[in-house]
Amino acid sequence: MKLLIKSLLICCAFVAFQSCEADKKKRVLNFPKTDLAMENMIPKPMKIIPTNGGFALDEFTAIYTSENASGFLEVGKFLADKIKARTSLDIPVNVAEVPNREGIIYINQSDSLELNAPEAYQLFITADSLILNANTAEGAFRGIQTIRQIIPETSTDTLAEYKVWTIPTGKIIDHPVFEYRGTMLDVARHFFTVEEVKRYIDLLAYYKYNVLHLHLTDDQGWRIEIKSWPKLTEVSGSTEVGGGDGGFYTQEDYKEIVAYAAEHHMIIVPEVDMPGHTNAASLAYPFLNGNGKKVEAYEGTQVGFSTFDTRKDTVYAFIDDVVREISEITPGPYFHAGGDESHATKKGDFNYFVEKVQKIVNKHGKRMIGWDEIVTANVDTTAIPQYWSSGDNAKTAVEKGLKMILSPAKKAYLDMQYDSLSKYGLHWAAYVPVDSAYVWNPEEYEGIPLKNILGIAAPLWSETIENFDELAYLAFPRAIGYSELSWSTPENRNWENYRVRLANQAPFLDRMDVKYYPSPLIDWKKSKYSYEEIEKD
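Structure, rendered in structure tokens:
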């Protein structure tokens with residue numbers, strides 16, 4: 000039966016997509032006119048071809064997935080769970096034939112050469128079938144986020160006695176521009192719980208992010224258990240900016256975050272910032288300290304005063320253990336070694352340190368990412384600088400043939416205030432309103448060639464925030480725009496078009512209880528928040 004369904008659906012999608020559309024028997028008599036191209040999808044897909052019909056998502060719909068295709072069943076179940084949360088419909092997955100079953104969602108593993116990008120997918124939507132094709136479960140997962148975004152907020156007014164959510168018919172062809180699409184969360188200045196990190200992952204996945212970078216250590220706290228060096232969390236896990244309780248992740252906690260991210264086809268990039276931003280580590284183990292001063296717990300926000308002793312062999316033995324333990328529980332390919340604002344480290348010592356640490360990271364099977372300062376060292380071509388500040392460092396990275404992650408502070412730092420009245424955030428780099436966050440072209444930024452750009456990441460430093468609602472205020476809606484900058488082609492990015500689609504994200508954000516910043520630049524659709532109320536509180 001499933002084989003027959005598969006054959007019929009693929010035939011409909013690939014052989015007679017347009018003609019099948021005209022011949023479908025409508026089970027809803029007063030289907031509204033729909034236009035797939037007018038849906039509020041973010042990031043905007045590469046190509047949308049509307050056919051102005053409707054697929055009825057209702058109690059008679061079923062989901063089928065390719066058999067023996069790794070991860071596809073899980074993608075199907077994920078979609079069913081999200082549909083139920085949205086509509087209360089119990090959509091079965093891979094069940095036998097059911098009487099009156101009419102609408103089919105088929106998640107198909109395809110070996111089409113058109114889908115050779117790892118995250119590529121295609122959607123073929125007709126009146127009685129919605130077919131998602133992808134080579135990989137990762138591509139299928141990106142595709143079901145698009146499906147989620149085109150399910151109407153409310154059921155359609157029809158002549159049927161049951162509720163129907165009408166999905167516009169047509170074809171979508173899509174894949175991302177950049178392979179690395181991330182954001183960073185600083186859990187060191189203020190600690191965020193496992194559940195708060197999971198909430199963030201839920202939202203990021205909806206907008207097709209694939210990386211969450213966790214800034215796990217800094218002067219104010221150490222947030223990841225290292226079993227071979229237990230004082231890191233025993234001593235330095237309980238401090239944070241402003242004197243709060245702090246906190247840390249046990250390795251089991253961290254593995255829970257990693258697994259949850261993997262379920263959303265995202266990787267975790269762990270960061271241990273060094274040789275600067277290391278006061279918390281040196282507080283636990285004073286032999287690490289290299290600035291010649293007594294180490295005390297630090298709860299302020301100044302930077303640049305701390306450093307490891309870069310010429311001491313025991314420091315590298317410590318780093319080897321830290322990198323090893325974290326790498327063993329991190330399946331992703333990257334380890335972020337920091338390297339920024341190490342003002343207390345002499346230049347020669349800094350370069351010596353970076354070169355030694357890259358070898359340690361590589362030894363444990365990871366590629367080293369570091370802030371753009373690392374390019375002054377003699378790093379090899381597997382190193383990935385994260386450009387945040389220095390155009391000269393970006394130029395050096397290009398000259399060395401390195402791939403870069405773009406995180407320019409004056410455009411992509413989520414902790415920058417929207418304006419002078421913003422409740423949270425800083426503005427040392429710039430004020431970054433919603434339009435400025437979106438209106439820049441990563442493909443041409445600072446003259447960095449496209450071939451040298453691995454992707455984009457939007458860092459969220461936490462000096463001024465300490466809970467999820469405050470995180471959400473700074474991250475959203477700007478994180479939504481960064482998702483489009485890192486996924487969609489330049490010709491599909493337009494501020495006036497985007498601001499309309501962004502306005503229509505309000506129902507989703509409200510449903511997810513995201514206390515986003517309701518920028519007055521956006522005409523928010525039925526938002527339960529307002530700019531005046533937010534700024535008055």
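For what it's worth, numbering that gives the first Met the number 0 labels the leading residue of the sequence shown as 0, then goes sequentially.
All residues carry an ideal CB built from backbone N, CA and C; glycine is no exception.
Residues F191, V196, Y199, L211, H212, L213, H214, L459, S461 and L470 of the same chain have their beta carbon placed closer than 8 Å to that of L184, with the five preceding and five following residues left out of the count.
Secondary structure in the region 174–243: the beta strand (DSSP E) runs of 3 residues or longer, each lying completely within the stretch, are 179–185 and 210–214 in chain order. The Cβ atoms of N503 and N39 sit closer than 8 Å to each other. Collapsing the DSSP output to three states places E66 in coil. CA-CA distance, Y206 to D312, rounds to 44 Å. Minimum Cα-Cα distance from M367 among the listed residues T375, I383, F307 and E354 corresponds to I383. In the structure shown, V163 adopts extended strand secondary structure according to DSSP, grouped into three states. The shortest C-alpha to C-alpha distance from M415 to any of G454, F475 and G236 is the one to F475. 8 Å or more divides the Cβ of Y423 from the Cβ of L484.
Rounded to whole angstroms, the gap between the alpha carbons of T157 and Q148 is 21 Å. Exclusion of the five residues before and after V314 leaves L287, F307 and D308 as the residues of its chain whose Cβ lies within less than 7 Å of its Cβ. Assignment of beta-bridge partners to G53 by DSSP yields P167. Sequence-distant partners of G75 (beyond 5 residues in either direction) whose C-beta falls short of 6 Å from its own C-beta, in its chain, are I62, T64, V92 and I106.
Secondary structure within the region 252–337: the beta strand (DSSP E) runs of 3 or more consecutive residues, fully enclosed, are 266–270 and 333–335 (chain order). With respect to R477, L413 sits close: the two C-beta atoms are nearer than 8 Å. Around the beta carbon of N392, 16 or more other beta carbons sit within 10 angstroms, so the residue counts as buried.
In this structure, the straight-line span from the alpha carbon of H426 to that of I103 is close to 51 Å. Relative to the Cα of D34, the nearest Cα in the group L114, S128, Q250 and P167 belongs to P167.
Exposure of D80 is indicated by the presence of fewer than 16 other C-beta atoms within 10 angstroms of its C-beta. Taking every protein chain shown into account, the CB of V163 has 16 or more other CB atoms within 10 angstroms, so this residue is buried. The beta-bridge partner set that DSSP reports for G369 consists of P384. For G454, the beta-bridge partners assigned by DSSP are Y179 and I404. Nearest to S341 by C-alpha distance, out of D244, S518, F123 and F304, is F304. Using a C-beta cut-off of 8 Å, the region 279–296 makes contact with the region 230–242, since at least three inter-stretch Cβ pairs fall below that distance. For the pair D218 and A36, the Cα-to-Cα distance works out to about 49 Å.
Counting along the chain, F475 sits inside no beta strand (DSSP E), nor does DSSP assign it H or E at all. The region 329–343 and the region 259–266 touch, with no fewer than 3 CB-CB distances between them shorter than 8 Å. Beta-bridge partners of A61 (DSSP): I103. Note on N496: under 16 other CB atoms within 10 angstroms of its CB, so exposed under the neighbour-count rule. Cβ-Cβ distances below 7 Å link T155 to P31, V163, W164 and T165 in the same chain, with the five nearest sequence neighbours on each side left out; the list follows chain order.
Taking the CA atoms as reference points, A296 sits about 17 Å from M273.
The beta-carbon distance between T145 and I171, rounded to whole angstroms, is 6 Å. This is short enough to meet the 8 Å contact definition. In terms of Cβ geometry, Y417 and M403 do not form a close pair [threshold 8 Å]. The beta carbons of I455 and Y430 sit no closer together than 8 Å. Inclusion of E137 and P151 in the CB contact set at 8 Å is not warranted, their separation being larger than that value. Going by C-alpha positions, G245 is about 20 Å away from I325.
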